[in-house]
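Here the structure comes first, spelled out in structure tokens, and everything after it is commentary.
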Amino acid sequence: MAQEEFPGWHGTTIIGVKKGGKVVIAGDGQVSLGQTVIKGTARKVRRLSPGGHEVVCGFAGSTADAFTLLERLEAKLEATPAQLTRACVELAKDWRTDKYLQKLEAMLIVTDGNELLVITGAGDVLEPEHDVTAIGSGGNYALAAARGMMDSDKDAEQIARAAMAIAADICVYTNGNLTVEEISA
Numbered sequence: 034m035a036q037e038e039f040p041g042w043h044g045t046t047i048i049g050v051k052k053g054g055k056v057v058i059a060g061d062g063q064v065s066l067g068q069t070v071i072k073g074t075a076r077k078v079r080r081l082s083p084g085g086h087e088v089v090c091g092f093a094g095s096t097a098d099a100f101t102l103l104e105r106l107e108a109k110l111e112a113t114p115a116q117l118t119r120a121c122v123e124l125a126k127d128w129r130t131d132k133y134l135q136k137l138e139a140m141l142i143v144t145d146g147n148e149l150l151v152i153t154g155a156g157d158v159l160e161p162e163h164d165v166t167a168i169g170s171g172g173n174y175a176l177a178a179a180r181g182m183m184d185s186d187k188d189a190e191q192i193a194r195a196a197m198a199i200a201a202d203i204c205v206y207t208n209g210n211l212t213v214e215e216i217s218a
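Okay, so the sequence shown: first residue is 34 according to my numbering, each after it adds one.
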């Protein structure tokens, strides 16, 4: 089967919400191949502790590619302890310029409890304007839902869970099996 005929791997919605001194990253567990759900319990949100500084990461895209990026991010964080933005910028530079890394197909949301950032293969390190960001196939649905709840009395985790439930109702590549990690400033 030619590569363009092969049905692509799809599935994931990852959201990051920063509110009330806490940051929550939540991700669903669905991985799909074409129109088939391959796995419903994948864990796409993880904690890293490079140099004793805790960081929470969520990823969308190819799992192997995301793990490669997480390993590289961890190394950057060990080289620049407690400097999340600097480590992310260094990773983005490598990702953009290294011929091997350029082929990686994934995106990351990362936080240390203070900063909430999105890292892309285009060399972007983005800080969301409204303290909420989302990536993946259902990312825009989750983002819109969360933005609509940011002025409510819900906390970061409640917003993330409600937004993910809305995304799961709309996006066929997103399910309700969540991994949720919270970190404080």
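For glycine and all other residues, C-beta sits at the position ideal for the given N, C-alpha and C.
Could you say which of the options lies nearest to residue i if we only look at CA atoms?
i: A196; options: S185, A178, A120; result: A178
i: C90; options: L66, T74, A139, K187; result: A139
i: G60; options: M182, A167, K187; result: A167
i: T212; options: K51, G67, G84, A75; result: A75
i: A125; options: R105, T113, A112; result: R105
i: G84; options: A108, L66, T96; result: A108
i: E123; options: A218, G156, S95, T96; result: G156
Straight-line CA distance for residue i to residue j?
i: T69; j: T45; result: 14 Å
i: D98; j: A115; result: 24 Å
i: V57; j: D131; result: 31 Å
i: D145; j: E160; result: 13 Å
i: L103; j: S185; result: 33 Å
i: H86; j: R80; result: 10 Å
i: G67; j: K136; result: 21 Å
i: V88; j: I216; result: 8 Å
i: T101; j: L141; result: 11 Å
Report all residues from its chain with a CB closer than 6 Å to the CB of residue i; omit the five preceding and five following residues, and keep chain order.
i: G171; result: T46, A200, C204, T207
i: C121; result: L150, I152, V158
i: G169; result: T45, T46, I47, A93
i: W128; result: L134, G154
i: A193; result: I48, V50, V57, A59
Taking only three categories from DSSP, how would you classify residue i?
i: E214; result: strand
i: G84; result: helix
i: G171; result: coil
i: T96; result: helix
i: R79; result: strand
i: E38; result: With a pLDDT of only 44 at E38, under 50, the local geometry of the prediction cannot be trusted, and no value is derived from it.
i: V205; result: coil
i: M182; result: helix
Report the partner residues of residue i according to the DSSP bridge assignment.
i: T69; result: L66
i: L141; result: F92, I152
i: I48; result: A59, A167
i: L102; result: Paired residues: none, contrary to the question.
i: L159; result: V151
Quick one: residues in its chain with C-beta nearer than 8 Å to the C-beta of residue i, no 5 flanking neighbours on either side, listed in chain order?
i: R180; result: H163, V165
i: N210; result: D61, G62, Q63, G73, T74
Less than 7 Å between C-beta atoms, sequence neighbours within five positions excluded: which residues of the same chain meet that for residue i?
i: Y174; result: I199, A200, I203, C204
i: I71; result: V64, S65
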